[in-house]
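Numbering (the UniProt record's numbering), first residue to last: 1 to 93. Below is one structure, written out as structure tokens; comments come after it.
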């Protein structure tokens, strides 16, 4: 199953810098694990925002939920998920 996911991160302004740095480092490591597993094949930064737009390729909505909630920054994210399906007008590659 393919999903388009937008993640907007909102860290508290009063979060200590060391805590924020630790969260970002753990987030990067976890994101790399998911990408290496082939579940997160597309990842783009949204210009001017602490946000990204991604495509996930997973077996189920439950698997996507598990992956997203495993991200260290998840408690500080607004997440929007859109299920995708093949468009009938797309040319085959």
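Even for Gly, the Cβ is constructed at its ideal location relative to N, Cα and C.
Scanning its chain for C-beta atoms nearer than 7 Å, with the 5 sequence neighbours on each side dropped, one finds around residue 73 the residues 9, 23, 27, in chain order. Residue pairing of residue 54 in beta bridges, as defined by DSSP: 5, 43. The C-alpha of residue 1 is placed about 6 Å away from the C-alpha of residue 60. Residue 15 counts as exposed, since fewer than 16 other beta carbons sit within 10 angstroms of its beta carbon.
Closest in alpha carbon position to residue 71, among 17, 19, 33, is 33.
Contact check for residue 6 against residue 58 fails: the beta carbons are separated by 9 Å or more.
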